[in-house]
Amino acid sequence: MFNGITIEKLLLIGVIAALLIGPERLPRYAESLARLANRAREMMQGARTRMRDEMGPDFDEVDWRKLDPRQYDPRRIIREALLDDAPTATVRTMAAAGAAAAATAAAPPPVTPAFRAGDEPPFDSEAT
């Protein structure tokens, strides 16, 4: 099932819970569990209905398996992006545009160092 919990383990947990609860309180707990399950089902139906109302007729056309986050493997996405052949014309055009922009841009002002050689940088004893 999920996270290593199998049907056998769930049944064992149920039997232990039934023994701990006892025959007097077991019907009440079973009834409250049934009410909880019904409420959860109603909430899911309400969410589905609300989503269908908000999305309109497109709701039935959505391929929900395509939107499953478990299918996204970052390694596969990066591998496909790196192996994907980029159109060479686009790359050359972008490189030429970048070179032209760099040639026409004004030179940036010279950066003056904040500290001269031998100066000690300020130290904030409260920040460490």
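Here the working numbering = 1-based position in the sequence shown + 85. Here a beta-carbon is modelled for each residue, glycine too, at the ideal position from N, C-alpha and C.
So the alpha helix (DSSP H) residue i belongs to, where does it begin and stop?
i	result
Ile228	Look at the range of the chain in this structure, 86 to 213, and you will see that residue 228 is not part of it.
Glu165	Pro159 to Leu168
Asp138	Leu111 to Met140
By the three-class DSSP mapping on this structure, what secondary structure does residue i have?
i	result
Ala174	Unreliable placement is indicated for Ala174, whose pLDDT of 49 sits below 50; no coordinate value is reported for it.
Asn88	coil
Arg254	The question about residue 254 has no answer here: the residues shown for the chain are numbered 86 through 213.
Phe144	helix
Arg155	helix
Taking 9 angstroms as the threshold (C-beta atoms), are residue j and residue i in contact?
i	j	result
Tyr114	Ile106	yes
Asp145	Arg137	yes
Pro111	Ala103	With the sequence shown as reference, residue 111 is identified as Leu, and Pro is not the correct amino acid for it. Yes, the pair counts as a contact, with Cβ atoms nearer than the cut-off.
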